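Student: Residue numbers (this note's numbering): 671 to 993. To start, I am sharing the structure in question, which I have written as structure tokens.
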């Protein structure tokens, strides 16, 4: 059996039994949601070469759309998830049509501007709850599973993450994925060969937005809320950070990057208190309030020492040693 398949099966089994081993389901579900978001973004940046500064727009829209469908319209949970995902896909089509004909910094600035327009709409729209967000989203049930129980929701989120990751894996290894890589490497050559480059980039953008929306809709179920933080430019920057730390252009890099960033956000305060107790240095007590500084330092370290990201550098080292 293929070693990669064995590794994926081992990781899946580990995730399936992690709650029984003492893992906190909410934390692991948060990691999986952000990992799927980062993988979706990596499909655009790492495999197509398009840097979007507004990808949080799709995460936020899907969260609000799913929350509205479940809270106000009384839709079933599956319907809410699909509606949020589809809404993100449609928004991705709109954003793509407006931005895809530009490249480089111009493309990035257009996506940022469009995302900021949507953010201010969310800030003022009556159904979003403004700065308070959309609270009390009902989880409902899927196939008879009561999702108000965290452990039941955990396995639903696990299935969603695995299916989303599998779709990205299949896309990357398909002829369509090979065309995307070729566009990233040499777009003028692909144009000269007769490929409709803009159409391929638009398809990649919509697919990336749709999968980011799936992550956002799932996240709204995990935290039973949708907030403005899901649609801010800081969230767009965070997903870029996850991808670069883990290794863009690799399938597992964004997952590792998401684990590192989410773990730092949630655990750096506890680590700071531990250091304070061990060293007696009072400054470590407020380390939890300096998460952005810690993440920034790690990002600088990765840029200086791991230009390809952690997974990218490991794959490069492995290739050199075996070659």
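C-beta: ideal position from N, C-alpha, C; glycine also. As the structure is a computational prediction, the values presented were derived from the model and not from experiment.
Could I get the ranges of all uninterrupted beta strand (DSSP E) runs contained in the region 772 to 808, with 3 residues as the minimum, in chain order?
Tutor: DSSP runs (the beta strand (DSSP E)) wholly in the region 772 to 808: none.
Student: Excluding the 5 residues preceding and the 5 following residue 905 in the sequence, name in chain order all residues of the same chain whose CB lies nearer than 7 Å to its CB.
Tutor: Counting only Cβ-Cβ distances below 7 Å, and skipping sequence neighbours, we find 726, 729, 899.
Student: Between which residues of its own chain and residue 723 is the CB-CB distance below 6 Å, once the five residues before and five after are set aside?
Tutor: Only 778, 781, 782, 906 meet the Cβ criterion.
Student: Inspect the beta-carbon positions of residue 770 and residue 868 and report whether they are closer than 7 Å.
Tutor: Going by C-beta atoms, residue 770 is nearer than 7 Å to residue 868.
Student: Give the single residue among 731, 820, 890 whose Cα lies nearest to the Cα of residue 792.
Tutor: Measuring from the Cα of residue 792, the nearest candidate turns out to be 731.
Student: My understanding is that residue 812 touches residue 884, with C-beta atoms under 8 Å, so please give their C-beta distance in whole angstroms.
Tutor: About 14 Å separates the two Cβ atoms, so there is no contact after all.
Student: Looking at the strands, I want to know which residues DSSP matches up with residue 896.
Tutor: Note: residue 896 sits in a beta bridge opposite 804.
Student: Where are the alpha helix (DSSP H) runs, 4 residues long or more, that stay fully inside the region 672 to 735, in chain order?
Tutor: Counting only runs of 4 or more, we get 673 to 687, 695 to 718.
Student: Residue 763 by DSSP, collapsed to three states: which one?
Tutor: DSSP places residue 763 in helix when its eight states are reduced to three.
Student: Based on the DSSP secondary-structure assignment, which residues constitute the bridge partners of residue 816?
Tutor: Partner(s): 811.
Student: CA-CA distance, residue 765 and residue 751?
Tutor: Going from the Cα of residue 765 to the Cα of residue 751 covers about 21 Å.
Student: Select from 845, 983, 974, 963 the residue whose C-alpha is nearest the C-alpha of residue 938.
Tutor: Cα-wise, what sits closest to residue 938 is 963.
Student: Would residue 896 and residue 803 be called neighbours here (beta carbons separated by less than 7 Å)?
Tutor: Going by C-beta atoms, residue 896 is nearer than 7 Å to residue 803.
Student: Quick check: what's the CA-CA separation for residue 796 versus residue 921?
Tutor: Looking at the two C-alpha atoms, the distance is approximately 39 Å.
Student: Going by DSSP in three states, residue 824 sits in which element: helix, strand or coil?
Tutor: Helix.
Student: Express the C-alpha separation of residue 763 and residue 701 in angstroms, rounding to a whole number.
Tutor: Taking the straight line from one Cα to the other gives about 27 Å.
Student: Would you check if the distance between the CB atom of residue 733 and the CB atom of residue 878 is smaller than 7 Å?
Tutor: Not closer than 7 Å, so no.
Student: For residue 693 and residue 707, I'd like the C-alpha separation in whole angstroms.
Tutor: Spanning the two alpha carbons is a distance of roughly 21 Å.
Student: Would you tell me roughly how many angstroms separate the C-alpha atoms of residue 736 and residue 826, rounded to the nearest one?
Tutor: When rounded, the distance between both Cα atoms is 16 Å.
Student: Can you give me the Cβ contacts of residue 846 inside the same chain, cut-off strictly under 8 Å, excluding the 5 residues immediately before and after it?
Tutor: Cβ within range, chain order: 870, 873.
Student: When you compare only the Cα positions, how much space is there between residue 838 and residue 741?
Tutor: For residue 838 and residue 741, the distance between alpha carbons rounds to 30 Å.
Student: One question on the structure: do residue 919 and residue 744 come within less than 7 Å of each other, judged by their Cβ atoms?
Tutor: Not a contact, by the Cβ cut-off of 7 Å.
Student: Cβ of residue 881 within 7 Å of Cβ of residue 834?
Tutor: In this structure, residue 834 lies closer than 7 Å to residue 881 by Cβ.
Student: Cα-Cα, which of 987, 925, 903 is closest to residue 994?
Tutor: Absent from the structure is residue 994, since the part of the chain shown begins at 671 and ends at 993.
Student: In this structure, how does DSSP classify residue 830 when only helix, strand and coil are distinguished?
Tutor: Correct three-state label for residue 830: helix.
Student: Indicate whether residue 969 and residue 911 have their beta-carbon atoms separated by less than 7 Å.
Tutor: Yes; because the gap between Cβ atoms is below 7 Å, this pair is in contact.
Student: Closest to residue 985 by C-alpha separation, out of 749, 916, 876, would be which residue?
Tutor: Answer by Cα proximity: 916.
Student: Are the beta-carbon atoms of residue 926 and residue 973 separated by less than 7 Å?
Tutor: No, Cβ-Cβ distance for residue 926 and residue 973 is not below 7 Å.
Student: Are the Cβ atoms of residue 755 and residue 887 separated by less than 7 Å?
Tutor: Against a cut-off of 7 Å, the Cβ pair of residue 887 and residue 755 comes out as a contact.
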